[in-house]
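Structure first, then comments.
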Ligand SMILES: [Zn+2]
Ligand SMILES: [Zn+2]
């Protein structure tokens, strides 16, 4: 088998031939059919997240078939299509795990960061954190559901009952959340990089109420805003765009520093919160909901060998929707 490997931050991924690994207790061997390219992968590759196991195989939006299991694995059959998300392991014993907040587990391990991920022909995963994948989606279309979809879903829930919602950064997560929000009767206001008319047209094509530049004020005050772009300067911009009592949700794992801002834009009981990781309950809820909406993902497919190109395209904003790697393509 082949894998795309990161040896050190700042380097290009290197194609490596490896032996197909053997599943350990509770693990399944997954023959990867598609793996989404998430902005978090860029943060790992660029060294903005500093806790990676190195060398590491990135990728945590994995769709594939179970190729081998151990005797203890009962949740999935050989040949069944499953998804492997970012949350790869939790301890089950810490305060957060016992309180139902496994997304905050002190001993959590994450796929493609601490555990080799899906930029490979095969990967191992702990079956307790995997999900069955609905037949409504092709492998490539399903892949972005595993993180852009899951984190998007969690961030939308953090926005509460908001009706008018601003999305800052209209990439993989936002294009899924826009569909979920419309299904729930909410209005979406899409904010893109200044002058990115392609992304604004893409957003309008998904039925948003308004699309414009991130520096613009929305035509009406927002009930909530969700920030997907890793740009700290968007925090004060979003606070200015939400009404008193509104919520600003930071949905990414990393952001550039947030510039100082006057207290008056937070005052008025505005709330500023972040979203961290996912719980297995988030995954079960969202993956049951997605085919009912139905959420349709826009994907650009790359062969596994072109992982560096896919990362470059994501970094440069040259994509609409999500990049997906296809091993064996
Ligand atoms: Zn824990
Ligand atoms: Zn992700």
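Numbering (the numbering used here), first residue to last: 1025 to 1353. Positions of the beta carbon are idealized from the N, C-alpha and C atoms, including for glycine. Note that the structure is predicted; figures quoted are calculated from it, not measured.
query                                                                                                                                   : result
Those residues which DSSP pairs with residue 1247 across a bridge                                                                       : According to DSSP, residue 1247 bridges with nothing at all.
For residue 1226, the first and last residue of its enclosing alpha helix (DSSP H)                                                      : 1221-1229
Beta-carbon proximity of residue 1235 to residue 1215, cut-off 9 Å                                                                      : yes
Residue 1200 versus 1282, 1169 and 1183, residue with shortest Cα-Cα distance                                                           : 1169
Proximity below 9 Å, CB of residue 1197 to CB of residue 1164                                                                           : no
Buried/exposed call for residue 1095, threshold 16 Cβ in 10 Å                                                                           : exposed
First through last residue of the beta strand (DSSP E) which encompasses residue 1324                                                   : 1323-1327
Residue burial classification, residue 1035 (beta-carbon count within 10 angstroms, cutoff 16)                                          : exposed
Spatial distance of residue 1304 from residue 1117 (CA atoms)                                                                           : 16 Å
Top-ranked residue by Cα proximity to residue 1296, from 1174, 1308 and 1269                                                            : 1269
Other residues of its chain near residue 1027: CB distance less than 6 Å, five sequence neighbours each side excluded                   : 1040, 1042, 1081 and 1144
Length of the line joining the Cα atoms of residue 1309 and residue 1166                                                                : 15 Å
Beta strand (DSSP E) segments (min. 3 residues) lying fully within the segment 1307-1352                                                : 1323-1327 and 1346-1350
Within 9 Å, strictly: CB atoms of residue 1253 and residue 1193                                                                         : yes
Selected residue, minimal CA-CA separation from residue 1219, among 1341, 1064, 1103 and 1332                                           : 1341
Contacts around residue 1277, its chain only, beta-carbon distance under 7 Å, and the 5 residues preceding and following it disregarded : 1064, 1067 and 1073
Cβ-Cβ distance between residue 1149 and residue 1139 below 9 Å                                                                          : yes
Distance cut-off 8 Å: residue 1124 Cβ against heavy atoms of ligand 1                                                                   : no
Closer than 8 Å: residue 1116 CB and nearest ligand 1 heavy atom                                                                        : yes
9 Å Cβ cutoff met for residue 1347 and residue 1060                                                                                     : yes
When 1261, 1084 and 1212 are compared against residue 1136, the one with the closest alpha-carbon                                       : 1084
Near ligand 2: residue 1065 beta-carbon under 8 Å from a heavy atom                                                                     : yes
Within 9 Å, strictly: CB atoms of residue 1302 and residue 1111                                                                         : yes
Nearest candidate by alpha-carbon position, reference residue 1238, set 1100, 1155, 1223 and 1181                                       : 1223
Range of the contiguous beta strand (DSSP E) that encloses residue 1274                                                                 : 1266-1274
Cβ-based neighbour list, residue 1130, same chain, cut-off 6 Å, excluding 5 preceding and 5 following                                   : 1118
Local conformation of residue 1081 per DSSP, three classes                                                                              : coil
Three-state secondary structure (DSSP) of residue 1051                                                                                  : strand
Neighbour-count burial assignment, residue 1287, 16 or more Cβ in a 10 Å radius                                                         : exposed
First through last residue of the alpha helix (DSSP H) which encompasses residue 1201                                                   : 1196-1207
Any non-hydrogen atom of ligand 1 closer than 8 Å to residue 1301 Cβ                                                                    : no
C-alpha gap between residue 1181 and residue 1292, whole angstroms                                                                      : 21 Å
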